[in-house]
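Going line by line, the protein sequences match chains D and W. The first sequence runs 1 to 235 under the working numbering. The second sequence runs 1001 to 1235 under the working numbering. The C-beta atom is built at its ideal place from N, Cα and C for all residues, glycine as well. Below you'll find the structure, written out as structure tokens, and then a few comments.
There are 2 protein chains.
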Amino acid sequence: MKLYDVQKDLSPHYLLMIKQDILLTVDSIVFTIYKEKLSVLLIQRLIEPFKDMRAIPWGFVLDNETLEQAAYRELEEETKVKNTYLEQLYTFSDVDRDPRGRVISCAYMALMRHEDINAKAESDAKEVKVFSMDKLPKLWFDHKKILDYALQRLRYKLEYTNVVQYLLPKHFTLSELQQVYEIVLNEELDVRNFRKKIDKLGIVKETWERVVRGAHRPAMLYEFTTKKTVIVDVL
Amino acid sequence: MKLYDVQKDLSPHYLLMIKQDILLTVDSIVFTIYKEKLSVLLIQRLIEPFKDMRAIPWGFVLDNETLEQAAYRELEEETKVKNTYLEQLYTFSDVDRDPRGRVISCAYMALMRHEDINAKAESDAKEVKVFSMDKLPKLWFDHKKILDYALQRLRYKLEYTNVVQYLLPKHFTLSELQQVYEIVLNEELDVRNFRKKIDKLGIVKETWERVVRGAHRPAMLYEFTTKKTVIVDVL
DNA sequence: CTAATAGTGTCTCTGAGACACTATCTA
DNA sequence: TAGATAGTGTCTCAGAGACACTATTAG
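Put into structure tokens, the structure is as follows:
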């Protein structure tokens, strides 16, 4: 930052503020379906303090990257997944949210297929693991709050977008699709009403392939009509 | 920030990133109704460069305040309004969004009554003025994009919250309320359907006072049932 | 009594939710 | 043919939108 530019632009009153001692991070909430549970990717510190606590994957923002790029980079480092679905959620800025110092964090939500996640303990300070949302460990600082916010957003988005596609394989049956909705929303859905709704949303189409998965009538395989998210960040 | 804490927590890989050369600001989009137009508060640089351009009011975040507090503080400095409605929108982080240097900005939306705004040219580097949204001047950098985003959010929020109250006086007629909706949404609304909708939202109640405003039947004055925003940030 | 705005009731259409049966496969 | 899941049709109710008339005041 060229200081003279700032000086020209701002009154002395503002000039005092240019020295900022704030670090900026991104937190990425990675949701996935694993063993028929809504799950989330968490990292663990292997050293004290807070050794027993898990955290949402996070990282510092580089000077020459956007927040979104930082989130993508972090996620790729942790999971090897590129081009996942990513959406900015909210920026958390409580002064004492991180006892180590002043850290403001922009939270993102990512959606991945579990089979794509190639989580690794990349450095000795980290270990990555998928946890079921109904058996969450103790989380760092305000990470529980961030996670709750993300879950709410995910549930909301399922209703009027096609983001569910990032939690499913390329081809799937309507029963599988319904199951994912039920898992995320945590409620049972009526088969017929669900199919009507999906039909109206227009997010899937038949592949005309059928698949036999047991001693019963085979199910039609469907695919998503578009890879583009119907409503992303409304930007 | 105590460096040893960070070192303990992070791998060398991350340690490199701790030196961040990023400044953090808040931008506050202030909407108000003025002369039957949806309007926005903008500031002007009185010196080169970009002297002709207007900007959304902004300011640096202090080390010991939240983003929200920074936005409130800035707004109070510019307008003398305290306790206005304020909502976080989105954090804009394009690397080149500000040609003067790396500045990441968290955008907030505020709603004010025009008569409450006591805008002032506080320093010689600024001048504050309310502009109609349909006669916007040229704006700094990405400020037009931020403003568009804010408008969209405002329109959306009108539909299912009572935030409109921050644009109206304490007592008002249903016609006035409808007019504000029409101004913001930029569309005409059916009188009867509008009243049914407001009734269903349950955000207003009768004061049983009537007001005569011309040679016609007097209108009932209403007030909002609650000052609490029905759905704020869903946090 | 005219002009101007306040205020109300009804019909239609569409979408959401409740609900029960038939279809097709394996073993 | 039994067991298991796939797949469909209809009724009801509620909310959204279109639409026309009466009420009350000042001048």
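Among the options, the one whose alpha carbon lies nearest that of residue i
i	options	result
isoleucine 183 of chain D	D:Lys170, D:Leu86, D:Lys37, D:Leu151	D:Lys37
glutamate 159 of chain D	D:Leu185, D:Met109, D:Pro169	D:Leu185
cysteine 106 of chain D	W:Ala1110, W:Tyr1090, W:Val1095, W:Ile1117	W:Tyr1090
methionine 112 of chain D	D:Val211, D:Phe92, D:Glu176, D:Tyr166	D:Tyr166
threonine 1207 of chain W	W:Glu1223, W:Lys1196, W:His1216	W:Glu1223
isoleucine 237 of chain D	D:Asp199, D:Lys80, D:Lys135	Chain D is shown from 1 up to 235; residue 237 of chain D falls before or after that span and cannot be answered.
tyrosine 156 of chain D	D:Gly101, D:Tyr181, D:His216	D:Tyr181
aspartate 190 of chain D	D:Ile203, D:Gly202, D:Leu174	D:Leu174
serine 1028 of chain W	W:Val1204, W:Ala1150, W:Lys1082, W:Glu1188	W:Ala1150
arginine 210 of chain D	D:Ala219, D:Ile198, D:Gly202	D:Ala219
lysine 51 of chain D	D:Leu221, D:Lys196, D:Pro137	D:Pro137
threonine 161 of chain D	D:Arg73, D:Asp63, D:Thr229	D:Thr229
glutamine 1152 of chain W	W:Leu1046, W:Lys1019, W:Gln1178, W:Phe1031	W:Phe1031
leucine 147 of chain D	D:Ile198, D:Lys35, D:Leu42	D:Leu42
tyrosine 85 of chain D	D:Ala110, D:Leu75, D:Pro99, D:Ile104	D:Ala110
asparagine 193 of chain D	D:Gln178, D:Ile203, D:Lys227	D:Gln178
phenylalanine 131 of chain D	D:Val26, D:Leu23, D:Ser39, D:Lys35	D:Ser39
lysine 1227 of chain W	W:Asn1083, W:Gln1020, W:Thr1025, W:Arg1073	W:Asn1083
tyrosine 1034 of chain W	W:Glu1078, W:Lys1129, W:Lys1200	W:Lys1129
valine 1103 of chain W	W:Arg1054, W:Met1053, W:Gln1020	W:Gln1020
valine 163 of chain D	D:Glu115, D:Glu87, D:Ala215	D:Glu87
asparagine 64 of chain D	W:Ala1215, W:Tyr1108, W:Gly1101	W:Gly1101
methionine 1053 of chain W	W:Leu1046, W:Leu1139, W:Lys1200, W:Met1133	W:Leu1139
tyrosine 108 of chain D	D:His216, D:Leu221, D:Val204, D:Val26	D:Val26
glutamate 115 of chain D	D:Leu168, D:Glu76, D:Lys196, D:Val204	D:Leu168
histidine 171 of chain D	D:Glu187, D:Val204, D:Leu154	D:Val204
Reduced DSSP category for residue i - H, G, I as helix; E, B as strand; rest coil
i	result
arginine 54 of chain D	strand
leucine 23 of chain D	strand
phenylalanine 1031 of chain W	strand
serine 175 of chain D	helix
isoleucine 117 of chain D	coil
phenylalanine 60 of chain D	strand
alanine 1215 of chain W	coil
isoleucine 203 of chain D	coil
glutamate 87 of chain D	strand
phenylalanine 194 of chain D	helix
lysine 1157 of chain W	helix
methionine 1133 of chain W	helix
valine 95 of chain D	coil
aspartate 1005 of chain W	Residue confidence is low: aspartate 1005 of chain W scores 43 on pLDDT, short of 50, so the model does not pin down where it sits. Its coordinate-derived value is still stated next. DSSP places aspartate 1005 of chain W in helix when its eight states are reduced to three.
leucine 111 of chain D	strand
valine 1163 of chain W	helix
leucine 46 of chain D	coil
leucine 1075 of chain W	helix
valine 128 of chain D	strand
leucine 1139 of chain W	strand
lysine 82 of chain D	coil
leucine 1185 of chain W	helix
lysine 1228 of chain W	coil
lysine 1144 of chain W	helix
isoleucine 18 of chain D	helix
Residues that DSSP places opposite residue i in a beta bridge
i	result
tyrosine 1149 of chain W	Answer is none; tyrosine 1149 of chain W lacks a bridge partner.
arginine 210 of chain D	D:Met220
leucine 1038 of chain W	W:Ile1033
isoleucine 104 of chain D	D:Leu24
leucine 1067 of chain W	Bridge partners of leucine 1067 of chain W: none, in fact.
Segment contact, 8 Å Cβ cut-off, at least three pairs: the region 56–64 of chain D with the region 137–151 of chain D: Output reads yes: the region 137–151 of chain D touches the region 56–64 of chain D.
Can you pull out the residues from the region 94–116 of chain D whose beta carbon lies closer than 7 Å to at least one beta carbon of chain W? Flagged, chain order: Asp94, Val95, Arg100, Gly101, Arg102, Ile104, Cys106.
Give, in chain order, every residue of the region 1050–1078 of chain W whose Cβ lies closer than 8 Å to some Cβ of chain D. Here the close residues are Gly1059, Phe1060, Val1061, Leu1062, Asp1063, Asn1064, Glu1065, Thr1066, Leu1067, Glu1068.
Across the region 78–97 of chain D and the region 1061–1076 of chain W, are there enough close Cβ pairs to call them in contact, namely three or more that are closer than 8 Å? Yes, since at least three Cβ pairs between the region 78–97 of chain D and the region 1061–1076 of chain W fall closer than 8 Å, the two stretches touch.
Chain-ordered residues of the region 1151–1169 of chain W with a beta carbon less than 9 Å from chain D: Sequence-ordered contacts of the region 1151–1169 of chain W with chain D read Gln1152, Arg1153, Tyr1156 [C-beta pairs closer than 9 Å].
Output, in sequence order along the chain, the residues in the region 19–50 of chain D whose CB is closer than 7 Å to any CB in chain W. Against chain W - using a Cβ distance shorter than 7 Å - the residues of the region 19–50 of chain D are Gln20, Asp21, Ile22, Leu23, Leu24, Arg45, Ile47.
Select from the region 1078–1091 of chain W all residues with a C-beta closer than 7 Å to any C-beta belonging to chain D, and list them in chain order. So the list reads Gln1088, Tyr1090, Thr1091, given in the order they occur along the chain.
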